[in-house]
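Worksheet: one structure, shown below.
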Amino acid sequence: VALICIFLFANGIPAMSKIGFGKFLTGELWRPKNDIYGIFPMIVGSLYVTAGAIIIGVPIGILTAVFMAFYCPKAIYRPLKMATELLAGIPSVVYGFFGLVVMVPFVREHFKGNGQSILTAALLLGMMILPTIISVSESSIRAVEESYYEGALALGATHERSVFTVVVPAAKSGVFAAVVLGVGRALGETMAVMMVVGNQARVPDSIFKGVRTLTTNIVLEMGYATDLHREALIATGVVLFVFILIINISFSILKRRGKE
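Residues in the sequence shown are numbered consecutively from 3, following our numbering.
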């Protein structure tokens, strides 16, 4: 971790200084041939796609974990668990190919635009973060002592009320961890997003427009980048690193407040 931090900051901070921190972070134009490097469209694109994935994936993931822990019949639990684990093992490029062949045409036919958009990427990422959220959330919910559930029933609560108002809140630390891991996966995903998001370096005015994320920007151009262009891409990695660091710190603060 220390070596990664040293490499990123040693190469990225000087590039930001040459370009200008303000111009680099708030500039809306990315034109390497003209030495213009503004990553604001990529920041907005990453936030939009990640937020969409959270809106789609987190509720489904948590509710699926509750279902598997308290409602799932034994006959289908093992197949469902295996399917969840299989989803976690599918390579990103396969998800991307599925998104390109199935989801892009679906969005194009039923919504606006050409299908390669924020909405498509959010749907695909929401699907990709499900295994992480389901697995960690279910483990956390099962780790809650049985006495919590039994005590709620003894006080006259229904099964549903006992589960959703006593057991799930008691497991909130683990559920938060699942959400943070899912957010990290969504924010850092590259290959699948690159295949469905459109890769257009612009500030979107609709979820049906294509964007470029921080990760896809690095992957698309690092192969031929040199000098300041290469350093600007490393600086983009620094920004992504800082985003994930902020998410982890925020989670730690929320976790500490929850214990208090």
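We treat Cβ as the ideally placed atom computed from N, Cα and C, and that holds for glycine.
Using three-state DSSP, classify residue 41 as helix, strand or coil.
coil
Do you know how far the Cα of residue 235 is from the Cα of residue 229?
10 Å
Whose C-alpha, out of 9, 54, 258, is nearest the C-alpha of residue 208?
54
Based on DSSP bridge pairs, tell me the residues matched to residue 200.
213
Measure how close the beta-carbons of residue 198 and residue 122 come, nearest whole angstrom, since I'm counting them as under 8 Å.
5 Å
Closest to residue 219 by CA distance: which of 192, 187, 23 is it?
192
Whose C-beta lies closer than 7 Å to the C-beta of residue 109 among residues of the same chain, with five residues either side of it excluded?
117, 119, 121, 122
Same chain, Cβ closer than 7 Å to residue 187, five either side skipped, listed in chain order:
130, 131, 134
Could you pull out every residue in the same chain whose Cβ sits closer than 6 Å to the Cβ of residue 70, ignoring the five residues on either side in sequence?
140
Measure the CB-CB distance between residue 214 and residue 44 and report whether it falls below 8 Å.
yes
Taking the alpha-carbon of residue 200 as reference, which of 150, 181, 98 has the nearest alpha-carbon?
98
Within a Cβ cutoff of 7 Å, which residues of the same chain sit near residue 202, ignoring the five residues on either side of it in sequence?
212, 213, 214
Here's the rule I'm using: 16 or more other beta-carbon atoms within 10 Å means buried, otherwise exposed. How should residue 226 be labelled?
exposed
How do the region 167–184 and the region 89–96 stand: do at least 3 beta-carbon pairs fall below 8 Å, yes or no?
no
Inter-residue Cα distance where the pair is residue 194 and residue 143
30 Å
Suppose you measure from the CA of residue 31 to the CA of residue 184; what does that come to, to the nearest Å?
30 Å
First and last residue of the alpha helix (DSSP H) that includes residue 116?
Premise fails: residue 116 is in no alpha helix (DSSP H) and is neither H nor E.
Which parts of the region 83–135 are runs of the alpha helix (DSSP H), unbroken and 4 residues or longer, counting only runs that do not cross its ends?
94–100, 106–112, 120–130
Quick check: what's the CA-CA separation for residue 80 versus residue 86?
10 Å
Contact the region 17–27 vs the region 235–245: 3+ CB pairs below 8 Å
yes
In the region 222–246, which residue ranges form an unbroken beta strand (DSSP E) of at least 3 residues, counting only runs that do not cross its ends?
none
Please state whether the Cβ-Cβ distance between residue 206 and residue 29 is less than 8 Å.
no
Inspect the beta-carbon positions of residue 156 and residue 58 and report whether they are closer than 8 Å.
no
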